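Undergrad:
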Amino acid sequence: MKKLKYVIIPLILIVIAICIAIASVIINNNHKGMQKNIDVSIEYDIEDEDVNWKNNEYKDIELKESITISQGGTYHLRGTIENGNININTNNSVWLVLDNVNITCNNSSAINIENAKKVIITAIEGTTNTLTDGSTYAIVDEPDGALFSKDDLVINGTGTLNINANYLDGIVSKDGLKIIGTTINVTAKDDGIRGKDYVGIKNANITIKSESDGIKATNDTDAEKGYIIIENSKLNIEAGEDGIQAETNLKVVDGEFNIITGGGSNNSSTKEEWGNWNIKGNRMSPMNNNDTSKDETSAKGIKGNTGILIENGTFNIDSSDDSIHSNGNIVINNGVFELSSGDDGIHADESIIINNGNINISKSYEGIESSKIEINGGKISLVSSDDGINVAGGNDSSSINGRPGQNDFTNNSDRNLTINGGDITIDASGDGIDINGSGYMYGGIVEVNGPADSGNGALDYDGVFEINGGELIAVGASGMLQNPSNNSSIYSISYLYSKTQEANTKIAIKNSNGEEIVSFTPSKNYEAVIISSGKIEKGETYTIYSNDDKLEEITVNNIVTSVGNGGSKMQPGRMDKNPIQGNPGRRKNDALIKHIINDIILK
1 MKKLKYVIIP LILIVIAICI AIASVIINNN HKGMQKNIDV SIEYDIEDED VNWKNNEYKD
61 IELKESITIS QGGTYHLRGT IENGNININT NNSVWLVLDN VNITCNNSSA INIENAKKVI
121 ITAIEGTTNT LTDGSTYAIV DEPDGALFSK DDLVINGTGT LNINANYLDG IVSKDGLKII
181 GTTINVTAKD DGIRGKDYVG IKNANITIKS ESDGIKATND TDAEKGYIII ENSKLNIEAG
241 EDGIQAETNL KVVDGEFNII TGGGSNNSST KEEWGNWNIK GNRMSPMNNN DTSKDETSAK
301 GIKGNTGILI ENGTFNIDSS DDSIHSNGNI VINNGVFELS SGDDGIHADE SIIINNGNIN
361 ISKSYEGIES SKIEINGGKI SLVSSDDGIN VAGGNDSSSI NGRPGQNDFT NNSDRNLTIN
421 GGDITIDASG DGIDINGSGY MYGGIVEVNG PADSGNGALD YDGVFEINGG ELIAVGASGM
481 LQNPSNNSSI YSISYLYSKT QEANTKIAIK NSNGEEIVSF TPSKNYEAVI ISSGKIEKGE
541 TYTIYSNDDK LEEITVNNIV TSVGNGGSKM QPGRMDKNPI QGNPGRRKND ALIKHIINDI
601 ILK
């Protein structure tokens, strides 16, 4: 019998390990699949990054008046045009080399590329080059930018390029646009930098002040175009509307981003008058009936309509509208984020996955909002005037109350929050965690400074909120108190105070040996606390303290043990409406593992 025992126990352990590995592979593959859907790439040709123009046969031109380039080749330009431009019209490729060039055109683009196979513009190292257009153009439709191209445009070189766009846009490409290594300063009456099929920026230093969008890609007819990729660049953007806006996907691979949009978060989209940026007919930038690239007005920090993938970077965003926004999916793998928003800090209609990073949302209407939210790691701290973490509008009317920044989740039926890891701190005036669906916690530390008014709760969910790992401490008002679900595997203590506790009053739980196992010091007044921790065990007796004052001894006999004065006001955790609601893959995997283990033990 002993020999059989020695065989069965290792076998059980092996099966458990295999099951966990299988579940992990399934989950990771799901993550990779989502990431793949929003991942994009740009191929940089050797010639795109080539700055050795002297290796080519070239033509020297001293600029004095307008010139037209009708043949392909390399052109070394120097000098000044006081009222004129460079016009390119050829079927071949052209390489313009700028050597302290200064071009001003009073009635059109400073450089107008009507036709070319491809144009490369190189700003020579150590040079400063300036392009300026007029406030009115002789031709109203096109061109519409100080540097304008109907075909693929590449800007490279380590020199400086200054763009003064007095009519509409600064740099425009009606095809693809690549910027590599250059320092660019744009002041624009409308958009700063606009590409159509894509915008690729690598190793560049760009400063933009624009009355409309900062950087945008506009192709909305081809799902595989209209994207932006930014790699290892420094961007300083002050925009009247969106800072960076991709019609499809936006990908960031490292860099530094300082972005102000719509006058900043003080010009909130959620104030009584909604700020100025979203009032019909009162845009901060001029209306232009001939500009078909315009979409509905918004003042978001960074925006990818289909998806956003952030691999790393430092982001300082002060936005009137959402700081980070997608109509589809957002994946954050790493980075440092300082976000201040007049609307949501991070918003996606479909899903948000946070795998790592340091995210601080110092101001928001709602901190993190989506139909599906998965947090696997990182450090997150957020302050919200409404809900902190919000899944699909939650149980209140915050998403449909008529504000310009409101969201519509009516097409999403599978709504859930999954927390697998991370260090999360929430300070919410509305619900701390608000889920129009179900929540599942498997790891991490979550601390919620919830609402002081009884119209909201630290925890508010519609289906279930299961805690199967990690640690949750949530404080707030008592009127809408909702506990974790009774089918959790981690034990919880829910305590209702006889009177309101002052901010900075420490909560502590000590075991029967007098050892402090959990503590938390709320930043706001509170009436109730929920503590869920793997350190709380069934059958054990614990003592809850307020600062150094002993309040009550608690013996844990249930998954959720509710105690304290006025207990009749508590709302117990709701039972499962649907045992596989939320994250079906994970729930099914967990059920499969449990079934296999139980089956082996019983046999």
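With our numbering, letter number 334 in the sequence shown gets 334, and the count goes up by one each step, no holes. Idealized CB from N, CA, C, for every residue including glycine. Treat the numbers as computed from the prediction; the structure is a model and nothing was measured.
Please list the segments of the beta strand (DSSP E) lying wholly inside the segment 505–551, counting only runs of 3 or more residues, in order along the chain.
TA: Counting only runs of 3 or more, we get 507–510, 516–520, 526–533 and 541–546.
Undergrad: Would you check if the segment 94–114 and the segment 137–156 touch, i.e. whether three or more CB-CB distances between them fall below 8 Å?
TA: Segments in contact, yes.
Undergrad: Would you please state the rounded distance, in angstroms, between the beta carbons of S135 and N166? I believe it to be under 8 Å.
TA: That pair is a contact at about 4 Å.
Undergrad: Among the candidates V475, N468, D242 and E471, whose CA atom is the shortest distance from the CA of D460?
TA: When each option's Cα is compared against that of D460, the closest is V475.
Undergrad: Taking C-beta to C-beta, are G444 and I419 nearer than 8 Å?
TA: Result yes, Cβ atoms of G444 and I419 sit closer than 8 Å.
Undergrad: Buried or exposed: E515, going by 16 or more other Cβ atoms within 10 Å of its Cβ?
TA: Looking at its Cβ environment, which holds fewer than 16 other Cβ atoms inside 10 Å, E515 is exposed.
Undergrad: CB-CB under 6 Å to I201, same chain, minus the five flanking residues each way: which ones, in chain order?
TA: The residues are I179, I230 and S233.
Undergrad: Skipping 5 residues on each side, what residues in its chain have a beta carbon closer than 6 Å to that of I308?
TA: Taken in chain order, the residues that qualify are L250, S326 and I330.
Undergrad: Tell whether a beta-carbon distance below 8 Å holds between I389 and E374.
TA: No, these two residues do not count as a Cβ contact at 8 Å.
Undergrad: Helix, strand or coil, according to DSSP, for I490 in the structure here?
TA: Here I490 sits in coil by DSSP.
Undergrad: What did DSSP end up calling N327 once you bin it into helix, strand or coil?
TA: Correct three-state label for N327: coil.
Undergrad: In chain order, what are the residue ranges of uninterrupted beta strand (DSSP E) at least 3 long that sit wholly in the segment 131–166?
TA: Here the runs fully enclosed are 145–149, 153–156 and 160–165.
Undergrad: Under 8 Å: do the segment 449–460 and the segment 485–493 share three or more Cβ pairs, one atom per stretch?
TA: As far as the Cβ criterion goes, the segment 449–460 does not touch the segment 485–493, which means the pair count is below three.
Undergrad: In angstroms, rounded to a whole number, what distance separates the CA positions of D387 and A452?
TA: Roughly 13 Å separates the two Cα atoms.
Undergrad: Can you give the Cα-Cα distance for K635 and G469, rounded to whole angstroms?
TA: Limits of the chain in this structure are 1 at one end and 603 at the other, which puts residue 635 out of reach.
Undergrad: Taking only the alpha-carbon atoms, compute the straight-line gap between V448 and D133 and give it to the nearest angstrom.
TA: Cα-Cα distance, rounded: 53 Å.
Undergrad: What number of angstroms, rounded off, separates the C-alpha of A508 from the C-alpha of S319?
TA: Rounded to whole angstroms, A508 to S319 spans 38 Å at the Cα level.
Undergrad: For I368, which three-state DSSP category applies?
TA: I368: strand per DSSP, three-state reduction.
Undergrad: Assuming contact is defined by CB atoms lying nearer than 8 Å, are S384 and H347 in contact in what I supplied?
TA: No, the pair does not count as a contact, with Cβ atoms beyond the cut-off.
Undergrad: So, under 8 Å CB-CB, K59 and S93 are touching, yes? Tell me the CB distance rounded to an integer number of Å.
TA: Actually they are not in contact, since the Cβ atoms of K59 and S93 sit about 14 Å apart, beyond 8 Å.
Undergrad: Is A138 buried or exposed, if buried means 16 or more other CB atoms sit within 10 Å of its CB?
TA: Counting Cβ neighbours within 10 Å, A138 comes out exposed, since fewer than 16 surround it.
Undergrad: Closest to A392 by CA distance: which of I38, G214 and D434 is it?
TA: When only C-alpha atoms are compared, the closest one is D434.
Undergrad: Taking 8 Å as the limit between beta carbons, can you name the residues of its chain near T160, skipping five residues before and five after?
TA: Excluding sequence neighbours, T160 sits near A123, T127, T128, N129, T182, T183, I184 and N185.
Undergrad: Are there 16 or more other CB atoms within 10 angstroms of the CB of Q245, so buried, or fewer, so exposed?
TA: Buried is the call here.
Undergrad: State the start and end residues of the unbroken beta strand (DSSP E) segment that holds D60.
TA: It spans Y58 to L63 - the beta strand (DSSP E) in which D60 sits, taken as one unbroken run.
Undergrad: On a CA-only basis, which of I155, Q71, V101 and E241 is nearest E114? Give me that one, please.
TA: When only C-alpha atoms are compared, the closest one is Q71.
Undergrad: At which residues does the beta strand (DSSP E) containing I179 begin and terminate?
TA: Element bounds for I179: G176 to I180.
Undergrad: With C-beta atoms as the reference, is D213 less than 8 Å away from E247?
TA: Not a contact, by the Cβ cut-off of 8 Å.
Undergrad: Looking at E238: is its Cβ nearer than 8 Å to the Cβ of K209?
TA: Cβ distance < 8 Å, so E238 and K209 count as in contact.
Undergrad: What do you get for G226, buried or exposed, if any count of 16 or more other CB atoms within 10 angstroms of its CB means buried?
TA: By the 10 Å Cβ count, G226 comes out buried.
Undergrad: From the DSSP output, in three-state form, read off E502 for me.
TA: E502: coil per DSSP, three-state reduction.
Undergrad: From E142 to N333, what distance separates their C-alpha atoms?
TA: Each residue's Cα considered, the two are about 40 Å apart.
Undergrad: Could you tell me whether the Cβ atoms of N666 and I103 are closer together than 8 Å?
TA: Since the displayed the chain opens at 1 and closes at 603, residue 666 lies outside it and no answer follows.
Undergrad: When you measure from the CB of T500 to every non-hydrogen atom of the ligand NAD, does any distance come out below 7 Å?
TA: The ligand content of the structure shown is nil, which means the ligand NAD is not present either.
Undergrad: Please determine, among T561, N511 and I559, the residue with the shortest C-alpha to C-alpha distance to K550.
TA: Residue N511 is the option with its Cα nearest to K550.
Undergrad: Classify D344: buried if its beta carbon has 16 or more other beta carbons within 10 angstroms, exposed otherwise.
TA: Burial call: buried.
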